[in-house]
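Participant: Residue numbers (the working numbering): 3 to 417. C-beta atoms are modelled at their ideal positions from N, C-alpha and C, and glycine is treated no differently. A single structure is presented below for examination.
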Amino acid sequence: MAKSIVIHVSGIDGSGKTTIARKLYYLIEREKLPVFLTWFRFPYFFSIPLLLLAKVAGLTRTYKAGNKRFSVHFFAPIRKVFTVLYVLDFTVYYMIKYKLRAVLPIILISDRGPLDNLVDLLVDIESIRINTLIVNYFIKLQANGLTLLAKCNYDTLIKRRLEANIDPKFKIRLKLYDLLLLKYRLLLKPILINTSKHVKENEGILSAISRILRLNYGHLGLSKYVKNKYLKAILASRLFLIINWAFQGVKIADATENGFRLLLDFTFFVVAYIISGSLSISILALVIAHTINYLINSNGPCIQVVLGKKTDVEYSLQAIENYVKNNPPSGYVEAVVVFGSVIKKSISKYSDIDIRVVRRKGIKNALLSLLWTMKFRLYMWRHGIPGDIFIATREKITKTIKPDELESLQYVWRS
């Protein structure tokens, strides 16, 4: 099952966080995953009145570096009250930015994370003596995701950030990053990216991360065919099971499969109503019939990867070949073919295996193909093979499979 993943790109201003975050976003988006890029800074809500008062009282000072103005806080006199309000603000902001989105299985890249906000707090209150629970709160939130730490040498930072020479707290901020990472490195397990080097030298690391995320994300289902990111996430979530169960590939399925599905659903509903006279019992019978159809007369076996079962490609293909070889559908089936990610060598451990049973024309051949395919699906369930399998005629298979995939079909069996 696909799960939400948070990637915190952390580091001092000027270290190259934004460049890394944008590049990783592009690479993950190319993998057709539902990815979002967000910027996590200035989580001020409840502390706004205090910030205004602090500015009037001279606890916030403004500096100028070239054409850029920036503020530096000196909140030691209001340390306790600011810490409470800051943590409260941060929590609200975190819930909005992360937790609400994490209901869906999305990948969220955060330009700055809880670690960076903790450093901001410590620098603003001018003290590293802070309640341990508060520090642990920020660190554990950072540790819940993947941490990418952007680092570069001091000379590079000075060139990138003109205000570094003017900011009286810049060196303190830099030192705090080093101290926190030294203390919590085993918990955070950061991936260090040296941005002093040319960006291309880091592309290999980011490409590897995007590929690992794809392999571990889970089953994409129909989400790889849509552009809207939230819809992508919905189709990769448990809701996919309900959608898949309800429609059961009606557009892809053969007329024989659709006809049997309607007949079984209708029979269960009518018989239940005649026996019980209750509409609720009849609807329950309809749900049972539709579920039976899903298991043996649709692509039901593919939900094994949606539920988290990993695909053993070699075992699955060998088991499929063995079954077809021992139970050849001679006379009524032209071929049994495999296509999709298996052929394109892009299969992951959460991919299903696309299979089509190409039947011959005629009602008798259609019914025999239906029975054979049902037995084949039961075999897949017993052996844990996540098959996305349907019957198709030769004409229909040319319409439902992409031209580039048609050229590279793998024949498991051919008459």
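1) Leaving aside the five residues before and after D91 along the sequence, list all residues of the same chain whose C-beta is less than 6 angstroms from its C-beta, in chain order.
2) Within the region 265 to 340, note down every full alpha helix (DSSP H) run reaching 4 residues or more, in order along the chain.
3) Using the three-state DSSP reduction, which class does S12 fall into: helix, strand or coil?
4) Do the CB positions of T402 and I211 come within less than 8 angstroms of each other?
5) Name, in chain order, the residues that DSSP records as bridge partners for L194.
6) Residue ranges of each alpha helix (DSSP H) run of no fewer than 4 residues wholly in the region 101 to 170, ordered along the chain?
7) Output yes or no for whether 8 angstroms exceeds the beta carbon distance between D267 and N301.
8) Which first and last residues belong to the alpha helix (DSSP H) in which T64 is found?
9) Suppose contacts are defined by Cβ-Cβ distances below 8 angstroms. Is F341 in contact with Q412 by that definition?
10) Please return the same chain residues whose Cβ sits closer than 6 angstroms to the Cβ of C304, not counting the five positions on each side in sequence.
11) Given N420, which residues of its chain have a CB within under 6 angstroms of its CB, disregarding the five upstream and five downstream residues?
12) Taking 8 angstroms as the cut-off, decide whether the C-beta atoms of A23 and D113 are in contact.
13) For W374, which residues in the same chain have their Cβ closer than 6 angstroms to its Cβ, ignoring the five residues on either side in sequence?
14) Would you call the CB atoms of V360 and I399 closer than 8 angstroms?
15) Just the Cα atoms here: how many angstroms apart are F76 and T64?
16) Check whether the Cβ atoms of L222 and A238 sit closer than 8 angstroms, and answer yes or no.
17) So, at 8 angstroms on beta carbons, what are the nonlocal neighbours of R81 in its own chain, with the 5 sequence-adjacent residues on each side left out?
18) How far does the beta strand (DSSP E) with I357 in it extend, from its first residue to its last?
19) Taking the beta strand (DSSP E) that R71 belongs to, which residues open and close that run?
20) Rounding to the nearest angstrom, what Cα-Cα distance links V11 and T20 in this structure?
21) Can you give me the C-alpha to C-alpha distance between I174 and L188, rounded to a whole angstrom?
22) Would you mind reading off the limits of the alpha helix (DSSP H) that contains A394?
23) Would a C-beta distance cut-off of 8 angstroms place I14 and L176 closer than the cut-off?
24) Taking 8 angstroms as the cut-off, decide whether the C-beta atoms of F140 and L110 are in contact.
25) Counting only the same chain and skipping the five closest in sequence on each side, list residues whose C-beta sits under 6 angstroms from that of L208.
26) Output the boundary residues of the alpha helix (DSSP H) element that contains R416.
27) Counting C-beta neighbours from all protein chains within 10 Å, is the total for E259 16 or more, i.e. buried, or is it exposed?
28) CB-CB under 7 angstroms to N167, same chain, minus the five flanking residues each way: which ones, in chain order?
29) For V228, I'd like the list of residues in its chain whose CB is within less than 6 angstroms of its CB, leaving aside the five on either flank, ordered along the chain.
30) Go ahead and label V58 buried or exposed: buried means 16 or more other beta carbons lie within 10 angstroms of its beta carbon, across all protein chains shown.
31) From the DSSP secondary-structure annotation, give me the bridge partner or partners of I7.
32) Express the C-alpha separation of G333 and S417 in angstroms, rounding to a whole number.
33) What is the rounded straight-line gap between the Cα of R216 and the Cα of E33?
Facilitator: Inspection of the coordinates gives the following:
1) Excluding residues within five positions, the ones whose Cβ falls inside 6 angstroms are P45, Y46, F47, F48 and S49.
2) Correct list: 281 to 298, 305 to 308 and 315 to 328.
3) Here S12 sits in strand by DSSP.
4) With respect to I211, T402 sits apart: the two C-beta atoms are not nearer than 8 angstroms.
5) Partner(s): L151.
6) Segments of the alpha helix (DSSP H) lying fully in the region 101 to 170: 116 to 127, 134 to 145 and 156 to 162.
7) Inclusion of D267 and N301 in the CB contact set at 8 angstroms is not warranted, their separation being larger than that value.
8) No alpha helix (DSSP H) holds T64; the beta strand (DSSP E) holding it covers T62 to A67.
9) It is a contact, given that the beta carbons lie within the stated cut-off.
10) Short of 6 angstroms from the beta carbon of C304, and not among the five residues preceding or following it, lie these beta carbons of its own chain, in chain order: D354, P388 and D390.
11) No statement about residue 420 is possible, as the shown extent of the chain runs from 3 to 417 and does not include it.
12) With respect to D113, A23 sits close: the two C-beta atoms are nearer than 8 angstroms.
13) Non-local C-beta neighbours of W374 in its own chain, meaning closer than 6 angstroms and more than five positions away in sequence, comprise P331, ordered along the chain.
14) Cβ distance < 8 angstroms, so V360 and I399 count as in contact.
15) Inter-residue distance for F76 and T64 is about 11 angstroms (C-alpha atoms, whole angstroms).
16) Closer than 8 angstroms, so yes.
17) Excluding five sequence positions before and after R81, the CB atoms of its chain that fall closer than 8 angstroms to its own CB belong to I127, E128 and S129, given in chain order.
18) For I357, the enclosing beta strand (DSSP E) covers residues I355 to R361.
19) For R71, the enclosing beta strand (DSSP E) stretches over residues K70 to H75.
20) Cα to Cα, V11 sits roughly 8 angstroms from T20.
21) Straight-line measurement puts the Cα of L188 at about 23 angstroms from the Cα of I174.
22) Going by DSSP, A394 is part of no alpha helix (DSSP H) but of the beta strand (DSSP E) stretching over G389 to A394.
23) L176 sits close to I14, with the two beta carbons spaced by under 8 angstroms.
24) Against a cut-off of 8 angstroms, the Cβ pair of L110 and F140 comes out as no contact.
25) Beyond the five residues adjoining it in sequence on each side, L208 comes within less than 6 angstroms, by CB distance, of K25, L26 and L29 in the same chain, given in chain order.
26) For R416, no alpha helix (DSSP H) encloses it; the enclosing beta strand (DSSP E) starts and ends at Q412 to R416.
27) Burial call: buried.
28) Result list for N167: I160, in chain order.
29) Setting aside the 5 residues that flank it on each side, V228 is surrounded in the same chain by K234, each with a C-beta closer than 6 angstroms to its C-beta; the list follows chain order.
30) Under the 10 Å beta carbon count, V58 is surrounded by fewer than 16 other beta carbons and is classified as exposed.
31) Answer is I109.
32) Looking at the two C-alpha atoms, the distance is approximately 8 angstroms.
33) Each residue's Cα considered, the two are about 7 angstroms apart.
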